[in-house]
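Undergrad: Sharing a structure here in structure tokens format.
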Amino acid sequence: MARYIFVTGGVVSSLGKGLSSASLAYLLQSRGYKVRLRKLDPYLNVDPGTMSPFQHGEVYVTDDGAETDLDLGHYERFSGILAKKSDNITTGKIYSDVLKREREGKYLGKTVQVIPHITNRIQEFIKNDVSKEDFVICEIGGTVGDIESLPFLESIRQFSNTIGRKNTLFIHLTLVPYMRASDEIKTKPTQHSVKELRSIGIQPDIIICRSERSIPLDQRKKISLFCNVSIEDVIETVDVKTIYEAPISFNKEKLDLRVLEYFKIKSKKKVNLLPWKKITKLVLTSRNKVDIAIIGKYVELKDAYKSLDEALTHGGIANNCKVNLIRIESDKLKASQIKYYLSSVSGILIPGGFGKRGTEGKIAAINFARKNNIPFLGICFGMQMAVIEFARNKLKIKNATSSEFGSSKASVVGLMNEWIKDGKLIKGTNKNLGGTMRLGSYEARLKKDTLISNIYKVQKINERHRHRYEVNINFRKEFEKKGMIFSGLSPDNKLPEIIELKGHPWFIGVQFHPEFKSRPLSPHPLFSSFIKAAKINQKK
Ligand code: GLN
């Protein structure tokens, strides 16, 4: 039977529960165990798919087409375990499910209530789709004390009671602030947070203390005493210089060992930290650097392009260089300023996006990259904008646009009519917006002797998608005549998946999101190649 590890957070949000869970997963896995990671989110949206990145950061997409919390990205990148639809649930998903059952008469005669109906359903989700795993790590979003996370906490309490306390481990992550004025480390917020947790019946077994500085023994003792955990189970996590250090530092603090000791099991293998040590050293000491401009609508919020930032760093790891990201707000990028902003960069990237705002700045930047031989990578919306730029300036379709911005006769990018998923025909829509895009992993076939087939070195690839609009294949001949090659297509040859430019050193647009599949320990070939091209182009 799987053992369950529940990770809660206290005092403040954004303490790094996701990274802590992901690091623990790596360590347990490295010790020979099969692990699964899950995220339970307390908000009312059914999934984060319809939320603005300003609200919730990036929407991460899994192979099986779920739009999920960005923490699932951390999980995949650190553990290499592919996340699934069943690994992310929200209050919205639980409620819509319970209410659907109520309408179907499944609870006939009963009053449907938070306890037991919502809490039971949460527990069913926690258990669902788990078979051979030794450990299931479930992170509870939000902070202890929030009204909306209460049903989740109640559920995990009940769950541990059902499967037995010895099969459940509670980890609580808190902030231990350092007060500069008095030069002191304060344990009181942790004490309060644990008190809150205990008031709902959960006694943490391990407390992870996030702190700016190392926590002295006296303060650890205090936490141990007041929070009722043994001193060895007070684990500190001091801010690391790079996130790749996290598995190393948790291992140093013996987090993985404490977990195994709790469950009374032994390590099957010696933990392997070498890959993390190697990349940490590389990231911290590399003296080469490339400047990459990312032009998007949400650049002010770092988490909005989390996987992308990571994938670019991975590209740097593959090329032994640091990637310096220059974030440019597309809305503010006027054609007259393009030269000023972009002359000195070595590569230009336009990420995924939605809506008309900021598109003219993106198109102007693409024009600059195309004409000045600057390595360019357009992802999803970025590819669509590259096609519009080319249509306007090379095909002379002056009003070329996307039907995402309104109906037009010159939509070189249009609403996808239909596509095939698992043998079934799916119809595109722009009315019902939740979960109706072309989502998840789809195959693309690459044209021989193209830049892209040189990069992937295979003919068939599978990449993750998240789009509603698509480059209109009917324009293909006209584009190819002018030098834009459709170098990757869906297996039925209907959907352009990749474009590139003849005669340009490195200009690629992809309809999918390669960033979701890049890993620090195995950088994605597209990002490795992009950074390599940028490195060659790096201005001194
Ligand atoms: N808005 C575009 C579409 O829906 C691009 C989406 C994206 O970049 N993820 O097709």
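Using my numbering, you'd call the opening residue of the sequence shown number 3 and step up by one each time. Don't be surprised by glycine CBs; every beta carbon is placed ideally from N, CA and C.
Under 8 Å by Cβ, that's how I've got residue 234 and residue 260 pegged, so tell me the actual separation to the nearest angstrom.
TA: Numbered from its first residue, the sequence shown carries residue 234 at position 232. Numbered from its first residue, the sequence shown carries residue 260 at position 258. So it is a contact: roughly 6 Å between Cβ atoms.
Undergrad: Does residue 335 have its Cβ less than 9 Å from a Cβ in chain D?
TA: Within the model displayed, chain D is absent; a lone protein chain is all it includes.
Undergrad: Which complete alpha helix (DSSP H) runs does the segment 245–332 hold, if anything under 4 residues is left out?
TA: With a minimum length of 4 residues, the continuous alpha helix (DSSP H) runs that stay inside the segment 245–332 are 248–254, 257–264, 276–287, 308–320.
Undergrad: Do you know how far the Cα of residue 236 is from the Cα of residue 211?
TA: In the sequence shown, residue 211 corresponds to position 209, counting from 1. In the sequence shown, residue 236 corresponds to position 234, counting from 1. Looking at the two C-alpha atoms, the distance is approximately 7 Å.
Undergrad: Any idea what DSSP makes of residue 35, helix, strand or coil?
TA: As a first step, residue 35 is located in the sequence shown; it is residue number 33 there, counting from the start. The answer is coil: DSSP assigns residue 35 none of H, G, I, E or B.
Undergrad: Suppose you measure from the CA of residue 62 to the CA of residue 437; what does that come to, to the nearest Å?
TA: Taking the sequence shown and counting its residues from 1, the one referred to as residue 62 is at position 60. Taking the sequence shown and counting its residues from 1, the one referred to as residue 437 is at position 435. About 13 Å.
Undergrad: Since residue 205 contacts residue 160 with CB under 8 Å, what's their CB separation in whole angstroms?
TA: What you label residue 205 is simply residue 203 of the sequence shown in a count that begins at 1. What you label residue 160 is simply residue 158 of the sequence shown in a count that begins at 1. About 15 Å; that fails the 8 Å criterion.
Undergrad: Would you say the beta carbon of residue 353 is closer than 8 Å to some non-hydrogen atom of ligand 1?
TA: Translated into the one-based positions of the sequence shown, residue 353 becomes position 351. Yes - ligand 1 has a heavy atom lying nearer than 8 Å to the Cβ of residue 353.
Undergrad: Where does the unbroken beta strand (DSSP E) through residue 539 begin, and where does it stop?
TA: Position 537 of the sequence shown, counted from the start, is the residue given in the question as residue 539. That residue, residue 539, is in no beta strand (DSSP E); its alpha helix (DSSP H) goes 527–539.
Undergrad: Cβ of residue 363 versus every heavy atom of ligand 1: is any distance shorter than 8 Å?
TA: Position 361 of the sequence shown holds residue 363. Residue 363: no, Cβ never under 8 Å from ligand 1.
Undergrad: Residue 213 by DSSP, collapsed to three states: which one?
TA: As a first step, residue 213 is located in the sequence shown; it is residue number 211 there, counting from the start. In this structure, residue 213 counts as strand in the three-state DSSP scheme.
Undergrad: Do you know whose CA, among 82, 329, 253, 481, lies nearest residue 399's CA?
TA: If you number the sequence shown from 1, residue 399 lands on position 397. Nearest C-alpha to residue 399: 481.
Undergrad: With three or more C-beta pairs closer than 8 Å as the rule, is the segment 36–45 touching the segment 439–454?
TA: In short, these stretches do not touch, since the Cβ pair count stays below three.
Undergrad: Looking at the secondary structure, which residues open and close the alpha helix (DSSP H) in which residue 471 lies?
TA: Here residue 471 is taken as the residue at index 469 of the sequence shown, counted from 1. Premise fails: residue 471 lies in the beta strand (DSSP E), 471–473, not in any alpha helix (DSSP H).
Undergrad: Please state the DSSP three-state secondary structure of residue 446.
TA: As a working mapping, residue 446 is identified with position 444 in the sequence shown. The answer is strand: DSSP assigns residue 446 an E or B state.
Undergrad: Does the distance from the C-beta atom of residue 281 to that of residue 522 stay below 9 Å?
TA: By one-based count along the sequence shown, residue 281 stands at place 279. By one-based count along the sequence shown, residue 522 stands at place 520. It is a contact, given that the beta carbons lie within the stated cut-off.
Undergrad: Just to confirm, are residue 545 and residue 45 a CB contact at a threshold of 9 Å?
TA: There is no way to answer for residue 545, as the model of the chain reaches only from 3 to 542.
Undergrad: Which residue wins for smallest C-alpha separation from residue 122, given the options 491, 158, 409?
TA: Indexing the sequence shown from 1 puts residue 122 at position 120. When only C-alpha atoms are compared, the closest one is 158.
Undergrad: Let's test the definition: count the other Cβ atoms within 10 Å of the Cβ of residue 420 and tell me whether it reaches 16, buried, or not, exposed.
TA: In the sequence shown, residue 420 corresponds to position 418, counting from 1. The residue is exposed, with fewer than 16 neighbouring Cβ atoms inside 10 Å.
Undergrad: Identify whether residue 458 lies in helix, strand or coil by the three-state DSSP scheme.
TA: Along the sequence shown, read from residue 1 onward, the residue named residue 458 stands at position 456. Residue 458: helix per DSSP, three-state reduction.
Undergrad: Looking only at its chain, what residues have a beta carbon closer than 8 Å to the beta carbon of residue 544, apart from the 5 residues adjacent to it on each side?
TA: What the structure shows of the chain is the stretch from 3 to 542, and residue 544 is not part of that stretch, so it cannot be assessed.
Undergrad: Could you give the distance in angstroms between the alpha-carbon of residue 96 and the alpha-carbon of residue 120?
TA: Here residue 96 is taken as the residue at index 94 of the sequence shown, counted from 1. Here residue 120 is taken as the residue at index 118 of the sequence shown, counted from 1. Roughly 7 Å separates the two Cα atoms.
Undergrad: What are the boundary residues of the alpha helix (DSSP H) that residue 502 is part of?
TA: Start at 1 with the first residue of the sequence shown, and residue 502 comes out as number 500. Element bounds for residue 502: not the alpha helix (DSSP H) but the beta strand (DSSP E), 498–503.
Undergrad: Which residue from 317, 407, 71, 416 puts its Cα closest to that of residue 379?
TA: Reading the sequence shown from its first residue, position 377 is the one you call residue 379. When only C-alpha atoms are compared, the closest one is 317.
Undergrad: Are there 16 or more other CB atoms within 10 angstroms of the CB of residue 445, so buried, or fewer, so exposed?
TA: Locating residue 445 in the sequence shown gives position 443, counting from the first residue. Label assigned to residue 445: exposed.
Undergrad: Quick one: Cα of residue 555 to Cα of residue 113, how far?
TA: Shown here, the chain extends from 3 to 542; a query on residue 555 therefore has no answer.
Undergrad: Would the beta-carbon of residue 561 be found less than 8 Å away from any heavy atom of ligand 1?
TA: Nothing about residue 561 can be read from this structure; the chain reaches only from 3 to 542.
Undergrad: Please confirm if the segment 25–35 is in contact with the segment 136–143, defined as three or more CB-CB distances below 8 Å between the two stretches.
TA: Yes, the segment 25–35 touches the segment 136–143.
Undergrad: What does the Cβ neighbour count give for residue 342, buried or exposed, with the cut at 16 atoms within 10 Å?
TA: By 1-based counting over the sequence shown, the position of residue 342 is 340. Under this definition residue 342 is an exposed residue.
Undergrad: In its own chain, which residues sit with a C-beta less than 6 Å from the C-beta of residue 530, not counting the 5 before and 5 after it?
TA: The residue you call residue 530 lines up with position 528 of the sequence shown. Correct list, in chain order: 317, 320.
Undergrad: Specify, as a first and last residue, the run of the alpha helix (DSSP H) that residue 368 falls within.
TA: By 1-based counting over the sequence shown, the position of residue 368 is 366. Its alpha helix (DSSP H) spans residues 361–373.
Undergrad: Taking C-alpha atoms, which residue in 525, 429, 13, 405 lies nearest to residue 190?
TA: Sequence index remark: in the sequence shown, residue 190 carries index 188 (1-based). Measuring from the Cα of residue 190, the nearest candidate turns out to be 13.
Undergrad: Can you look up residue 51 in the DSSP assignment and give me helix, strand or coil?
TA: Position 49 of the sequence shown, counted from the start, is the residue given in the question as residue 51. Residue state, collapsed to three classes: helix.
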